[in-house]
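One structure below.
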Amino acid sequence: MCLLQGIDAAAPAAVTGTLRRDPSRPVRPERPNTGKPTTPLLEGNAVERAGAFQFKGEVTLVGPELRVGDQAPAFTAIGNDLSTVDSRTFAGKVRIISSVPSLDTGVCDTQTRKFNEAAASLGDEVVVLTISADLPFAQKRWCGNAGVDRVITLSDYRDHAFSKAYGTYIKEWALCSRAVFVVDRNDRLVHVEYVPVAGQEPNYDAALEAARAALKA
Numbered sequence: 001m002c003l004l005q006g007i008d009a010a011a012p013a014a015v016t017g018t019l020r021r022d023p024s025r026p027v028r029p030e031r032p033n034t035g036k037p038t039t040p041l042l043e044g045n046a047v048e049r050a051g052a053f054q055f056k057g058e059v060t061l062v063g064p065e066l067r068v069g070d071q072a073p074a075f076t077a078i079g080n081d082l083s084t085v086d087s088r089t090f091a092g093k094v095r096i097i098s099s100v101p102s103l104d105t106g107v108c109d110t111q112t113r114k115f116n117e118a119a120a121s122l123g124d125e126v127v128v129l130t131i132s133a134d135l136p137f138a139q140k141r142w143c144g145n146a147g148v149d150r151v152i153t154l155s156d157y158r159d160h161a162f163s164k165a166y167g168t169y170i171k172e173w174a175l176c177s178r179a180v181f182v183v184d185r186n187d188r189l190v191h192v193e194y195v196p197v198a199g200q201e202p203n204y205d206a207a208l209e210a211a212r213a214a215l216k217a
């Protein structure tokens, strides 16, 4: 159904009168036309890592480059039912966080399926999250078609809180880069991998080994 039905499509009436500037307010300088596409506004203190990821050429990742031993940042994302999911919901469990650009691409599809298969052997004390900027509807459809039922898919589309906190936000495309993080029960990062090229798969064995070690700690 077209959402514009019932809306008058006629051209808007011309606005008449003279726009007068308030002399007490400063004049805003015009933004120069650089000919480059605009990108979403970023926080003033955001860290930018130019050339940190290859996705149709070198792109810039926004956010800190996290390391093993760092405190895992808390974040919110959107669930398949459009609810807001707080990462602290999973506190006390070991978490594998798989960041992908889009589930509708080959490597991201493979990455998510492999972690879904591995989740069966990890037990209930390990939560596997796959996060992308895909819309929640698209994630739900993909999971249904792929038969993925052990991985929790979350969408970063709304405010990119996850990707900017974990340093996976692609500035030029507003997508997540490919990365894998493992968080222990104390919210410490015990495994971090930023995959440098979009077409490259992560080291699954290293991530799973870190998760199993965190279970025993």
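Take 1 as the starting number for the sequence shown in UniProt numbering and just add one per residue. Just so you know, even glycine gets a beta-carbon here, dropped at the ideal spot from N, CA and C. None of these values were measured; they are calculated from a predicted model.
Counterpart residues of residue i in DSSP-defined beta bridges
i, result
"cysteine 176", "Tyr169"
"glutamine 111", "Paired residues: none, contrary to the question."
"arginine 95", "Val127 and Val183"
"glutamine 54", "Glu58 and Val197"
"histidine 191", "Val182"
Proximity below 8 Å, CB of residue i to CB of residue j
i, j, result
"proline 136", "leucine 208", "no"
"glycine 167", "proline 64", "yes"
"alanine 198", "valine 94", "no"
"leucine 122", "isoleucine 152", "no"
"phenylalanine 115", "isoleucine 96", "yes"
"arginine 49", "proline 101", "no"
Residue i versus residue j: straight-line alpha-carbon distance, rounded
i, j, result
"alanine 119", "glycine 147", "14 Å"
"glycine 106", "threonine 112", "10 Å"
"glutamate 193", "isoleucine 131", "15 Å"
"arginine 212", "serine 99", "20 Å"
"glycine 51", "asparagine 80", "32 Å"
"arginine 150", "leucine 103", "15 Å"
"cysteine 108", "alanine 72", "23 Å"
"threonine 38", "tyrosine 169", "With a pLDDT of 35 at threonine 38, under the threshold of 50, the modelled position of this residue cannot be trusted, and the question is left open."
"alanine 46", "glutamate 117", "36 Å"
"asparagine 203", "alanine 165", "22 Å"
Of the listed residues the options, nearest to residue i (C-alpha basis)
i, options, result
"histidine 191", "Thr60, Asp70 and Val62", "Asp70"
"proline 196", "Glu48, Arg88, Leu61 and Ser132", "Leu61"
"valine 68", "Asp86, Val180 and Asp205", "Val180"
"isoleucine 78", "Ser155, Asn203, Leu129 and Ala133", "Ser155"
"glutamate 201", "Ala74, Arg49 and Thr110", "Thr110"
"phenylalanine 90", "Val127, Leu66 and Thr84", "Val127"
"leucine 66", "Leu189, Asp205 and Tyr204", "Leu189"
"threonine 84", "Gly92, Glu125 and Tyr157", "Tyr157"
"lysine 216", "Ser87, Trp142, Glu125 and Asp86", "Glu125"
Measuring CB atoms only, is the region 169-189 touching the region 45-59, in the sense that at least three cross pairs come out at less than 8 Å?
As far as the Cβ criterion goes, the region 169-189 touches the region 45-59, which means the pair count is three or higher.
Using a Cβ distance threshold of 8 Å, determine whether the region 153-162 contacts the region 178-186, with at least three qualifying pairs required.
no
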